[in-house]
Ligand code: TXA
Ligand code: MG
């Protein structure tokens, strides 16, 4: 299969790209689309044959459920049954954060195929704010299942080029919407009724932070690594987000002693000598997440791009500096830990 990439940076190009994506999606095919978080591999969420193509292209195990994207927040009840006791807080959350990088796990409607939810009674749902994604899904006016557009277990793509590196020859079309605004996958939450406050459990940390959510309930971050496949966030497997090159997350500079003859690259948080990591060895390459002196949203935008670039160097090990564990730093540290457990 030849993979075509269509640009969107002029109105007539956007129009043609939206038409072609719509045509393929309507006929039960998959298309890679930009979202504000990472690129997604989309298919008609209510068509099991189309959804099966996502699993096939990604080589994704069928126990790992997909996120369903809606054309509009008004359509939530077409795929989810919101329990009466959390109805109020769900409405408040979607009024505040949709369209945007927040995914809610809610009881699913019967129309959602079991393949989408991996047989779970719940569906993960969000509305994307990316202008290209919005155009495509509103043109189609159907829910779209879309996991990140990478091979299973690999690094999420934040550009059309990265999608191509992951899925070339396996999908018919990539819509190029430029770089993703946030650069990290959406925050996934589960909500339970409680008094005086509802409970919000973050199943996957992301751009919407515990700080952002605390006005809506008592927030708990669940960053345990899930090995058991029948759990609530099966996607939080240890193997996720891993580069092929072994990666080691340090907690302090003295944790690292280079081995003679080994080649290392450094993922530096802000590239500051005073942090003590830059001179630990003769690094083959040093890439800085936030050259703007340690800004977490800047680091997040560059995170997967830099991880991908470091992975391509062919060094023996990628050494990662720790980051502040607040805001977007929670999600990045979670991903670095998962990547380093792997090796
Ligand atoms: O930002 C994002 O969320 C991106 C863009 C494309 O929207 N999508 C994304 O999808 O990251 P994916 O497949 O890479 O991660 C989805 C994860 C699953 O691995 C799983 O952890 C969780 O969402 N998930 C999906 N359905 C679920 C469900 N019914 N219950 C609990 N967790 C679920
Ligand atoms: Mg993913």
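In our numbering, the protein residues as written are 456 to 798. Note that beta-carbon positions come from the ideal geometry of N, C-alpha and C, so glycine has one too.
What are the boundary residues of the beta strand (DSSP E) that includes residue i?
i	result
residue 562	557-562
residue 742	740-743
residue 462	459-462
residue 666	Taken as a continuous stretch (DSSP letters only), residue 666 belongs to no beta strand (DSSP E), being part of the alpha helix (DSSP H) at 665-668.
residue 581	577-581
residue 780	No beta strand (DSSP E) contains residue 780, which DSSP labels as neither H nor E.
Give me whichever residues DSSP pairs with residue i in a beta bridge.
i	result
residue 646	655
residue 674	655
residue 499	599
residue 631	462
residue 488	495
residue 523	580 and 600
residue 774	703 and 721
residue 794	DSSP output for residue 794 lists no bridge partner at all.
residue 535	563
Looking at residue j and residue i, is the spacing between their C-beta atoms short of 8 Å?
i	j	result
residue 471	residue 461	yes
residue 635	residue 664	no
residue 608	residue 697	yes
residue 537	residue 512	no
residue 504	residue 477	no
residue 776	residue 732	yes
residue 500	residue 599	yes
residue 601	residue 522	yes
residue 547	residue 654	no
residue 553	residue 571	no
residue 757	residue 638	yes
residue 707	residue 771	no
residue 544	residue 646	yes
residue 615	residue 702	no
residue 556	residue 474	no
residue 558	residue 641	yes
residue 782	residue 751	yes
For residue i, which residues of its own chain have a beta-carbon under 7 Å away from its beta-carbon, when the five flanking residues on both sides are left out?
i	result
residue 510	517
residue 573	517, 518, 519, 520 and 689
residue 535	561, 562, 563, 564, 578 and 580
residue 604	487, 494, 495, 496, 612, 618, 621 and 622
residue 502	483
residue 674	655, 657, 665 and 668
residue 747	753
residue 768	720, 739 and 740
residue 780	788
Apart from the five residues just before and just after residue i, which ones in its own chain have a Cβ nearer than 6 Å to its Cβ?
i	result
residue 684	Summary for residue 684: the model assigns pLDDT 43, below 50, so the residue's position carries little reliability; its value from the coordinates is reported in the next sentence. Cβ within range, chain order: 518.
residue 789	660 and 678
residue 791	704 and 775
residue 459	628
residue 786	639, 660 and 661
Let's see if you can read the secondary structure: which residues bound the alpha helix (DSSP H) around residue i?
i	result
residue 569	569-572
residue 470	466-481
residue 546	542-552
residue 618	615-622
Can you find the residues in the same chain that come closer than 8 Å, C-beta to C-beta, to residue i, ignoring five residues on each side of it along the sequence?
i	result
residue 723	730, 732, 733, 741, 742, 743, 744 and 776
Legend entry - Residue ranges of each beta strand (DSSP E) within the region 692-763, 3 or longer: 702-704, 719-723 and 740-743
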